[in-house]
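Q:
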Amino acid sequence: MNSILHEFHSVAQYFMPHGHCMLWQKELIWLHVGSDLVIAASYYSIPIALVYFVHKRKDLVFNWMFIMFGVFIFACGTTHLMNVWTMWQPYYWLEGIVKMVTGTVSMITAVALWPLIPRALRLPSPRQLQIVNEKLEEEIKEKNRVADELRLAQDRLEHRIQERTEELWQANQSLQREISERNQAEEKFRLAVEASPNGMIMVDQSGTIVLVNSETEKLFGYDRSELVGAPIEMLVPNRFRGDHPHERAAFFATPSKRRMGAARDLHGRRKSGEEIPVEIGLNPVITDNGVFVLSSIIDITERKNAENRQTLYARELERSNAELEQFAYIASHDLRAPLRAINKLSLCIEEDLQDVMQNETREMMTLMRGRVDRMKQFLDDLLEFARVGKVQHQHEMVDVEKLIWYAISISSPWKHVSCNIVGPLPTFETLKVPLEQVFFNLIDNAVKHNDAAQPAVTVSVEELGDRFRFTIGDNGPGIDPVYHSRIFGMFQTLKPRDQKEGSGMGLAFVQKILLQYGGTIDLESTVGAGARFHFTWPKKIVFTTPPPP
Amino acid sequence: MTIRCNETNKRDRVVDMLLVEDDSVDALVIKRELGKLHVVRTIHVVSDGVEALDFLRGDARQIHVPLVVILDLNLPRMNGIEFLERIRTDAELRHLIVFVWTTSTVASDRAKAYDRNVAGYIIKSDDVEEMQKFTAMIESYVHVIEFP
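As given, the protein sequences belong to chains A and B, one line each in that order. With our numbering, letter number 441 in the first sequence gets 441, and the count goes up by one each step, no holes. Quick note, our numbering runs 549 ahead of the 1-based positions in the second sequence.
Here is the structure:
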């Protein structure tokens, strides 16, 4: 080192300090020196600033350029310092080396700088940066806003998701409930079908049996396994099998709850080949899997038998009625004819013998005719009695008041009987003939047996819900309670027939009529206090045809 | 005043009666009553439609007075309606005067009788008065009408 320095120092002896060039003019020298010092100072300070800057701004792009600037500026500063030094000390080789270094670095820097310019130009200017920044800020704001909205949306979404989840859960619950209900319903259905006292068969649209119950098994003599999956036609008798699919199709075309084959007699075919009469009700069942038919089958063998029995009874009844009619005709015609003959002959005899006949004989003839009349009356009454309930009467409007007046007028034309009607008597639709017969007989009795000076008959009515209660009262002699039940017997009279002509059938007849049509009769009477016959008559007569045996 | 020989004084007019009745008592009674009438000369009694037709086609030809028929309906062998049917289709017997005297109150019997042109339909009665009215009617009838 020292040797180099020495070298330099020795070399330097030859050169003139730079001050010589300026002729050691103080002002000029100090201008150059001063300027160089300032420059050097600046050129030392600037790199420091740059290095500090670089050091501080670690993210600086092209920071090596800054270093390089620092370096070459530093070198340049050193050059100027050398200028100062060489003002007095002519170390021009040193100065030159320093300049060379500076030049090199500068050149490198310059060279390196040019390609950098385009790149640096591309770097956004502060204004651009600001714009970009502003834009970025805008974008950021926007993004924030969007982010906020997003968050809001997210919140809402989450909320909705929660709701939906809740809904789904509820739906799931109710679905599960529905499923369990449906299962229960199906179970109930199966139980109901199984428990039915009728044979139940469910058939699908192709006519295949899908469900049966145990009653069906019993009815047709098959096991369940033989029926399910088989065509329904296997239970139909051969002669109807051909038409059955067509009928099935017709039903499915317009399914509705109805009786199968409404006018026909239906039959089912058991496994044994035996046929049973049945009644079939059809119910369409609409499910998600399609339309089915649930048929209800009743074995009507018993009912048919009962119907047959009933028909037999009806025929028997018709026959017995026909017999009665015959009997009635005979009784009225053939039995009466001799009686009429007897009467006429007795009249003829009386006429022929009137000159020689004695009073007693005449009396006997009269008695004879009386007996004949009595017999005729018996026959008539007996016939009427037998006919009660066997003859179809018509419903007619009956004015009871008119009926009473008429009855009074025909019961005793030779007696003046006053009739007292209490309250309005009804006019209603009923069986006229039987009701008339009841009134006629009771009024006839009230008049016939009435020995009062001013015979009077009282008729009144009471409404008792679904029936009327009529009362026929008289001011006759009254009837001892001892005889109250006897007088309703057949051929029962309380006075000898010669005293009071009467077949004794009247009350028996009345009682039979009332029994037939749903009425009742009772008597209120004591000796000397007249009699009151009460009878009830339904407002609506329930059955009018003869009862089955 | 010329009196034509054939013309009979109405007051002297007589008829014969044919009683078609199977009940002997009824026949007896009506014979008695009709017999009292001056207008009735002879009463012929037969017991059914067959005998009646036999009589009309046989012995009746000998009768030269008008014939009035009293006809019961309920007769054996041939009843009253059948008899009427027969005479109304017979050329000679068509114009016979027939009174139906029966117990039948059946409306269809009455209708059938009048369909076959009876002079009257009378229901047998036990009443003495009714019988007297009947005989009075026969008397008036014979006196008043002109026979076919």
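A virtual CB, placed ideally from N, CA and C, is assigned to each residue, including glycine.
Tell me the rounded alpha-carbon separation between A:I67 and A:F53.
A: 10 Å
Q: Does any CB atom of chain A fall closer than 8 Å to the CB of B:T654?
A: no
Q: Look up A:A531 in the DSSP assignment and give the residues it is bridged to.
A: A:D474, A:S525
Q: Counting pairs of beta carbons, one from the segment 323-342 of chain A and one from the segment 629-637 of chain B, are three or more of them closer than 8 Å?
A: Proximity of the segment 323-342 of chain A to the segment 629-637 of chain B falls short of the contact definition, fewer than three beta-carbon pairs being nearer than 8 Å.
Q: Please state the DSSP three-state secondary structure of A:A230.
A: coil
Q: Which residue from A:Q516, A:H416, A:T208 puts its Cα closest to that of A:H393?
A: A:Q516
Q: Starting from A:R369, follow its DSSP beta bridges and name the residues at the other end.
A: Looking at the DSSP assignment, A:R369 forms no beta bridge with any residue, so it has no partner.
Q: Once DSSP output is grouped into helix, strand and coil, what is the label at A:A446?
A: helix
Q: Using a Cβ-Cβ cut-off of less than 7 Å, give me the residues of the segment 343-359 of chain A that come near chain B, in sequence order.
A: N343, K344, L345, L347, C348
Q: With a cut-off of 8 Å, do at least 3 Cβ pairs link the segment 638-654 of chain B to the segment 609-617 of chain B?
A: yes
Q: For a test of the three-state rule: what should DSSP assign to A:C21, helix, strand or coil?
A: Note: A:C21 maps to coil in three-state DSSP.
Q: Would B:V599 count as contacting chain A if we go by Cβ distances under 8 Å?
A: no
Q: With DSSP as the reference, label B:C554 as helix, strand or coil.
A: With a pLDDT of 42 at B:C554, under the threshold of 50, the modelled position of that residue is not reliable, and the figure given next carries that caveat. Reduced to three states, the DSSP call for B:C554 is coil.
Q: At a cut-off of 7 Å, is A:R241 close to the ligand PLP when judged by its beta-carbon and the heavy atoms of the ligand?
A: For the structure depicted, the ligand PLP is absent and the ligand set is empty, with no information on it obtainable.
Q: Check for me: the beta strand (DSSP E) holding A:A112 runs from which residue to which?
A: Run containing A:A112: none in the beta strand (DSSP E); it sits in the alpha helix (DSSP H), 92-122.
Q: Which value, in whole angstroms, describes the spacing of the CA atoms of A:R224 and A:E215?
A: Just so you know, the alpha carbons of A:R224 and A:E215 end up roughly 10 Å apart.
Q: Taking A:K304 as the reference, give the member of A:G273, A:L266, A:S272, A:L294 with the closest Cα.
A: A:L266
Q: DSSP state of A:V71, grouped into three classes?
A: helix
Q: Could you name the residues of chain A that B:R538 contacts, counting a contact when the two beta carbons are closer than 7 Å?
A: With chain B running from 550 to 697 in the structure shown, residue 538 of chain B is simply not present.
Q: Would a C-beta distance cut-off of 8 Å place A:M395 and A:T361 closer than the cut-off?
A: A small correction: the amino acid at residue 395 of chain A is His; Met does not occupy that position in the sequence shown. By the CB criterion at 8 Å, A:H395 and A:T361 fall outside the cutoff.
Q: When DSSP builds the beta bridges, which residues end up paired with A:I298?
A: For A:I298, which the question treats as bridged, DSSP gives the partners A:E279.
Q: Please list, in chain order, all residues of the same chain as B:T551 whose beta carbon is under 6 Å from its beta carbon, the five residues on each side excluded.
A: Caution is warranted here: a pLDDT of 46 is assigned to B:T551, below 50, making its placement in the model unreliable, and the coordinate value is therefore given only provisionally. Around B:T551: no qualifying Cβ.
Q: Of all the options B:G598, B:V599, B:L583, which has the alpha carbon lying nearest to the alpha carbon of B:I592?
A: B:L583
Q: Counting only the same chain and skipping the five closest in sequence on each side, list residues whose C-beta sits under 7 Å from that of A:G489.
A: A508
Q: Going along chain B, which residues have a C-beta under 9 Å from A:A322?
A: Residues of chain B passing the Cβ test: none, with the nearest at roughly 18 Å.
Q: According to DSSP, is B:F648 part of a helix, a strand, or is it coil?
A: B:F648 sits in a strand when the DSSP states are folded into three classes.
Q: Cα separation between A:M100 and A:I46?
A: Whole-angstrom Cα-Cα distance: 21 Å.
Q: Check each candidate in A:S272, A:E217, A:V293, A:V236 and name the one with the smallest Cα separation from A:A253.
A: Ranked by how close their Cα comes to the Cα of A:A253, the residues A:S272, A:E217, A:V293, A:V236 have A:V293 in first place.
Q: For A:E427, report the span of its beta strand (DSSP E) as first-last.
A: Reading the sequence as shown, one finds Thr at residue 427 of chain A and not Glu. Taken as a continuous stretch (DSSP letters only), the beta strand (DSSP E) holding A:T427 covers 427-431.
Q: Closest to B:V588 by CA distance: which of B:K673, B:I671, B:I579, B:S689 is it?
A: B:S689
Q: Got a sec: is the Cβ-Cβ distance from A:A331 to anything in chain B below 8 Å?
A: no
Q: Measure the C-alpha to C-alpha separation of A:D243 and A:Q205 and round it to an integer number of angstroms.
A: 16 Å
Q: On the DSSP bridge assignment, give the partners of A:F292 in chain order.
A: A:V285
Q: Identify the continuous alpha helix (DSSP H) that holds A:F485 and give its terminal residues.
A: Per the sequence presented here, residue 485 of chain A reads as Ser, with Phe not at that position. For A:S485, no alpha helix (DSSP H) segment is defined, and its DSSP state is neither H nor E.
Q: Please report the straight-line C-alpha distance between A:I521 and A:T471, rounded to a whole angstrom.
A: 10 Å
Q: Between A:S332 and A:F378, what straight-line distance do the alpha-carbon atoms span, to the nearest angstrom?
A: 11 Å
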